[in-house]
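Residue numbering for the sequence shown follows the UniProt record's numbering, starting at 1 and increasing by one per position.
The beta carbon of each residue, even a glycine, is placed where N, CA and C say it ideally should be.
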Amino acid sequence: MGTYIISSHGEPKWDKKTTIPQGVSVRFYQKFGVGMDMDEAFRLQSALTDPTHVDAKPILDRNPQRALWNGPYTQQPEIELTADAKKTFKSGIVHAESREIVAVIELGSPVTLSAALQTIAAHAAAKKSQESVVHCLFCL
C-alpha cells in the first residue's frame with residue numbers, strides 16, 4: 001500500500017464532485033472550508049510520514065481524521081488545490097514512504113482533487129501498489 005500526502009491550499013466547490021479512483025482511500029483532517037494552522041500541518045505531515053517517530057503519537061491524537069472517502073466513488077465537493085501564494089511551503093503530492101515528490105502544484109495553476117487522485121493512482125500502479133492512502137492537509 002502506498003501512502004501519499006497532498007499539502008496545499010484547498011477550496012471546496014460544492015457545485016462539483018470529486019471522483020475517487022478504485023483502490024484509493026482519502027483522509028481529511030479538518031472540516032471543509034476550515035483551514036489548518038500551517039505549523040500544525042507541518043507537524044502532522046511529519047507524523048504521517050514517520051508514524052513511529054517519538055513525537056508522532058501526540059500529533060496524530062490531536063489531529064484525528066474527520067472524513068474518509070473510498071474509491072471508486074464520486075463525492076461532493078470537488079476541491080480546488082492551489083499553491084501557497086506566500087511560498088511559505090511547497091504545494092504538491094509526496095509519496096510518504098520514499099519522500100518522492102510526485103507532483104508540484106504551481107502558483108497560478110490550480111489542480112482539482114480529482115486530477116490529483118488520478119495522478120496518485122497512476123503513480124501507485126507504476127510502483128505496483130494495489131491500494132493507496134491519501135492524507136489531505138489543506139491550509140485554506
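Output yes or no for whether 8 Å exceeds the beta carbon distance between residue i and residue j.
{"i": "G92", "j": "I101", "result": "yes"}
{"i": "I105", "j": "V24", "result": "no"}
{"i": "A103", "j": "A83", "result": "no"}
So what does DSSP say about residue i, is it helix, strand or coil?
{"i": "F32", "result": "coil"}
{"i": "D61", "result": "helix"}
{"i": "I20", "result": "strand"}
{"i": "H135", "result": "strand"}
{"i": "T3", "result": "strand"}
{"i": "S114", "result": "helix"}
{"i": "H53", "result": "coil"}
Closest by CA to residue i, which one among the options?
{"i": "L26", "options": "M36, E11, I5", "result": "Correcting the residue identity first, residue 26 is Val in this sequence and not Leu. Minimum Cα distance to V26 is reached at I5."}
{"i": "F32", "options": "E78, S7, D39, T82", "result": "E78"}
{"i": "F89", "options": "K128, K57, L137", "result": "L137"}
{"i": "G71", "options": "E131, G10, M1", "result": "E131"}
{"i": "K127", "options": "S98, V134, L117, T112", "result": "S98"}
{"i": "D55", "options": "K87, E80, E40, H95", "result": "E40"}
{"i": "L44", "options": "H95, K16, S7, E80", "result": "S7"}
{"i": "T49", "options": "P58, K13, P110, H95", "result": "H95"}
Kindly give me the distance between the Cβ atoms of residue i and residue j, rounded to whole angstroms, as I take these residues to be in contact under 8 Å.
{"i": "T18", "j": "S114", "result": "5 Å"}
{"i": "Q65", "j": "Y29", "result": "6 Å"}
As an exercise, report each continuous beta strand (DSSP E) stretch of at least 3 residues that is fully enclosed by the stretch 63-105, in chain order.
You should have 67-70, 73-75, 78-82, 92-95, 100-104.
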